[in-house]
Structures are given as structure tokens and as C-alpha cells.
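**Q**
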Ligand code: F6P
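And the structure:
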């Protein structure tokens with residue numbers, strides 16, 4: 020047994036690339052003479068009962084391109100924390116003490132915590148308790164502010180883009196309107212990137228208020244130009260025009276977003292009397308092999324996490340600022356989420372191509388459009404009244420099965 024040890028765990032919702040991080044960490048650590056312990060089922064494996072495996076050549080061979088995580092993961096469980104000033108949720112001190120003892124007893128010099136904002140908030144509280152942790156940012160949502168890309172995002176976009184490619188052909192054959200709902204929580208990155216890559220005609224994001232009137236306007240405009248089908252991509256976290264989110268109630272936890280796609284498809288059908296179909300892509304976006312980009316990124320994250328431990332930069336999270344890998348205090352990384360800039364280059368490019376964000380008539384100058392005041396201007400008082408009337412009834416209908424907050 021090596022005298023030097025590090026630990027690694029994967030926490031929260033899974034995503035493609037977790038195994039690549041595990042492999043990258045194991046390989047980089049081994050080069051430096053460390054033994055690498057992998058804790059099972061996220062933070063749960065750290066305490067009562069302590070549950071880990073020793074990573075070795077055998078169990079890390081062939082996992083670079085495998086989805087999921089060989090260590091397993093737990094979303095929330097006993098380790099649920101937040102670190103925001105306003106809404107800090109403290110971890111049970113007994114858990115913190117238990118984890119601290121596990122780490123000391125196993126002689127772990129540094130623990131690599133791979134997770135999204137919630138899991139990194141736990142890591143931050145470990146750090147404050149004196150447990151030597153470093154963070155690796157993971158989420159398909161790409162919504163961590165400190166890093167240009169989280170691994171898993173590119174793979175999720177690839178999956179959504181493939182779905183759009185497939186929907187494109189069937190939409191064209193049947194002259195239908197296809198609505199694709201994608202994940203991303205309160206950030207529209209997956210919808211925006213997949214929408215552009217997959218030739219979406221309308222992209223609806225949490226960051227850009229939209230109206231049914233403008234969505235329908237775009238569909239009719241396409242028809243007038245001879246395109247009898249339309250692809251609409253909507254982010255699960257895009258609020259309805261009335262401002263409400265569609266989410267499932269979950270006692271004591273973050274609301275589970277999802278279900279807006281079928282609602283808007285129904286309303287488009289009602290307004291335009293055109294055939295609409297919806298696909299909710301769901302967890303397909305989280306499964307399967309990581310893309311090449313995610314394999315490279317995840318491997319870099321793993322190797323640089325070991326560097327942070329060697330440098331004793333505990334309480335830091337690895338970041339990617341192309342082309343460099345850097346780090347920031349975890350606290351900074353989890354402080355705010357990174358959302359799509361409604362005036363950013365990707366949105367501008369999409370507008371320049373005629374893609375609608377459901378917020379302005381199609382004949383607007385795409386590059387002149389980008390003024391916050393303009394984006395809030397309603398199409399007409401009549402349209403707004405009509406939208407409000409419908410969405411209220413939609414919201415009422417949805418309350419029985421969905422939490423609208
Ligand atoms: O944060 C990643 C994510 O996939 C979100 O895009 C989605 O809203 C959520 O997790 C789904 O979580 P669960 O797997 O718990 O349903």
C-alpha cells in the first residue's frame with residue numbers, strides 16, 4: 020500500500036464524462052505515487068457505513084468512454100447543503116465530524132468532489148470544517164459561473180442535436196410542428212446550442228421572455244415562405260408568458276422542472292389548427308458515452324484536481340478558461356449560476372439567421388435588436404391580453420399536477 024492517499028467521489032445527478040474524470044484523477048495520482056480511493060454513492064460513502072473501493076488498473080480500464088459513474092452517485096440523500104448568504108442550509112455537525120474522521124483515519128490527503136452547484140456547496144462546508152477538498156464542476160446544464168464549460172454539457176447538446184436531426188425529417192414528411200423540450204434547469208444553454216446546431220426555427224429560453232403570438236408569427240412566416248414544418252426547441256426552465264414555471268412538486272427539495280413542451284404544443288395547435296407533436300428528451304441527455312470534447316475536458320479536470328491537492332489548494336474548484344485550466348475558491352463558484360446572455364454572440368448569430376426566440380417579429384434587424392427595453396415591448400395590447408387569458412387558464416389547469424411557482 021502506498022503511504023500517500025487521495026479520495027474521489029461523484030455526487031448529484033450523473034452526466035457523461037464522470038468516468039473520464041475518475042480515470043484522469045486515478046492516473047495522474049498514480050503517477051505521483053498516490054493510492055486512490057473511490058467513495059461509493061457520492062458523499063454517502065464517506066460516513067456510516069464508510070464505503071469505498073481502491074481504484075486500480077483493472078477497474079479503471081475501458082471507462083474513458085463509458086457513461087454513468089463506476090462509483091455511483093446520490094442526489095441529495097443525507098448530504099444536502101447550500102452556502103448562499105440568504106439561504107444557507109447547514110450540514111448536520113455529526114455528519115461533518117464523521118466525514119472528517121473517515122478522511123483522517125484513511126490518511127486521505129485530499130478529496131476530489133465531482134459535482135454541480137448543490138454538491139459543491141457540500142464540499143464548501145467540508146472545507147469550512149477543515150476537511151481537505153477540491154472541486155470538479157459537473158453538470159449538463161453548464162450553469163456554473165466560474166468555468167466556461169462544465170463536462171457533460173457537450174454530450175447533452177449532442178444528444179439534443181441528434182434528436183432535432185431526427186425530428187427534422189419526420190416534421191418535414193408530415194408538415195408538422197415539432198416541439199422538443201430539453202433539460203438545463205434555469206439556464207438555456209442546452210436549448211440554445213442544440214437549437215442552433217440542430218436547425219431549430221424557434222428557441223425558447225428561460226432568459227428571454229416570449230409570447231405565443233411571436234411563436235405563431237414565426238410558424239406562419241415560414242409557411243408563407245414555403246416551409247410547412249417548424250422545429251421548436253424549449254428549455255424546461257423557460258417560464259410561460261404568464262411567468263410561471265412548469266415543475267413537479269417535491270417535498271423539501273428543488274422543484275423538478277419539466278412538462279412545458281406539451282403545453283405549448285397544445286396552445287400552438289389551438290391557435291393555428293396545425294398538427295403538433297412533442298418530445299421531452301429527459302434523461303437521454305444524461306446517459307451514454309461522453310463526446311470527444313467532454314472526454315478531453317473531464318480528463319483535464321481529473322488531472323488538474325490532483326495538481327490542486329499537491330499544491331494544497333484546498334477549498335478550490337478547477338475551472339476551464341479556454342485554453343487554460345485554472346481554479347477559484349469553491350465559494351465563488353457556487354455563488355451564482357451562469358445563464359445565457361440574451362444579447363450574447365450566439366443569440367445574435369441565431370437571430371441573424373432568422374431563428375426566433377419568440378420575442379419579436381421576424382422582420383426585426385437582428386443586430387439592432389439587442390436593447391433590453393425593446394425586448395420587453397409587447398407585440399400589441401390585444402396579443403398580450405390574449406396571451407394572459409390563455410396562460411392563466413393553462414396555469415389553472417396545470418396546478419393539479421404541477422407546482423407553479
Ligand atoms: O442538473 C442536471 C439535470 O439533469 C437538470 O437539467 C434537470 O432539471 C435535473 O437534473 C433532473 O434531475 P433528476 O435526475 O433528479 O430528475
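Numbering (my numbering), first residue to last: 20 to 424. Note that the Cβ used here is the ideal one computed from N, Cα and C, for glycine as well.
1. Among 168, 172 and 124, whose alpha-carbon lies nearest the alpha-carbon of residue 150?
2. Please list the segments of the beta strand (DSSP E) lying wholly inside the region 170-208, counting only runs of 3 or more residues, in order along the chain.
3. Kindly provide the ranges of any alpha helix (DSSP H) runs that are 4 or more residues long and lie completely inside the region 101-147, ordered along the chain.
4. By the three-class DSSP mapping on this structure, what secondary structure does residue 99 have?
5. To the nearest angstrom, report how far apart residue 23 and residue 179 are at their CA atoms.
6. What's the call for residue 392, buried or exposed, on a 16-neighbour Cβ count within 10 Å?
7. State the DSSP-derived secondary structure class of residue 242, mapped to helix, strand or coil.
8. Just how far apart, CA to CA, sit residue 48 and residue 25?
9. Here's a check: name, in chain order, each residue in its chain whose Cβ is nearer than 7 Å to the Cβ of residue 306, leaving out the five neighbours to either side.
10. What is the DSSP secondary structure of residue 428, reduced to helix, strand or coil?
11. Secondary structure at residue 66, three-state DSSP: helix, strand or coil?
12. I need the DSSP call for residue 288, collapsed to helix, strand or coil.
13. Can you name, in chain order, every residue of its own chain whose Cβ lies under 8 Å from the Cβ of residue 395, other than the five neighbours on each side?
14. Quick one: is residue 372 buried, meaning 16 or more other Cβ sit within 10 Å of its Cβ, or exposed?
15. Use the C-beta contact count for residue 77: other C-beta atoms within 10 angstroms, 16 or more gives buried, fewer gives exposed.
16. Count the other C-beta atoms from every protein chain shown that fall within 10 angstroms of the C-beta of residue 122, then say buried if there are 16 or more, exposed otherwise.
17. Could you check whether the region 160-169 touches the region 354-372, counting it as contact only if at least three pairs of C-beta atoms, one from each stretch, sit closer than 8 Å?
18. Using 8 Å as the cut-off, classify the Cβ of residue 323 as near or not near the heavy atoms of ligand 1, replying yes or no.
19. Who are the Cβ neighbours of residue 215 in its own chain at under 6 Å, not counting the five residues just before and after it?
20. DSSP on residue 58, reduced to helix/strand/coil?
21. Pull up the DSSP beta-bridge partners for residue 335, would you.
22. Are there any heavy atoms of ligand 1 lying less than 8 Å away from the beta-carbon of residue 158, as far as the coordinates show?
23. Select from 230, 246, 204 and 232 the residue whose C-alpha is nearest the C-alpha of residue 426.
24. Using a 10 Å radius around the Cβ and a threshold of 16 neighbouring Cβ atoms, would you call residue 109 buried or exposed?
25. Measuring from the CB of residue 236, is there a heavy atom of ligand 1 at a distance below 8 Å?
26. Should residue 34 be listed as close to ligand 1, given that the test is whether its C-beta is under 8 Å from any heavy atom?
27. Answer with buried or exposed for residue 5, where buried requires no fewer than 16 other C-beta atoms within 10 angstroms of its C-beta.
28. Exposed or buried, what is residue 107 when buried is set at 16 or more other beta-carbons lying within 10 Å of its beta-carbon?
29. Between the Cα of residue 290 and those of 238, 340 and 257, spot the shortest distance and give me the residue it belongs to.
30. Count the other CB atoms within 10 Å of the CB of residue 68; is the residue buried (16 or more) or exposed (fewer)?
31. What do you reckon, is the C-beta of residue 344 under 8 Å from a heavy atom of ligand 1?
32. Kindly examine ligand 1 and report whether one of its heavy atoms sits closer than 8 Å to the Cβ of residue 302.
33. Looking at residue 275 and ligand 1, is the gap between the Cβ and the nearest heavy atom below 8 Å?
34. Is any non-hydrogen atom of ligand 1 found closer than 8 Å to the C-beta of residue 78, if you look at the structure I gave you?
35. Which partner residues of residue 254 appear in the DSSP bridge assignment?
36. For residue 225, count neighbouring C-beta atoms within 10 Å of its own C-beta (all shown protein chains included) and say buried if the count is 16 or more, exposed if not.
**A** Taking the coordinates as given:
1. 124
2. 196-201
3. 112-124 and 136-147
4. coil
5. 42 Å
6. In this predicted model, residue 392 has a pLDDT of only 41, less than 50, meaning its place in the structure is not dependable enough to derive any value.
7. helix
8. 8 Å
9. 86
10. The requested residue 428 does not occur in the structure, where the chain is confined to residues 20 to 424.
11. coil
12. helix
13. With a pLDDT of 38 at residue 395, under the threshold of 50, the modelled position of this residue cannot be trusted, and the question is left open.
14. exposed
15. exposed
16. buried
17. yes
18. no
19. 369
20. strand
21. 153 and 348
22. yes
23. The chain is shown only over 20 to 424; residue 426 falls outside these bounds and no answer can be derived.
24. exposed
25. no
26. yes
27. The chain is shown from 20 up to 424; residue 5 falls before or after that span and cannot be answered.
28. exposed
29. 238
30. exposed
31. no
32. yes
33. yes
34. no
35. 201
36. buried
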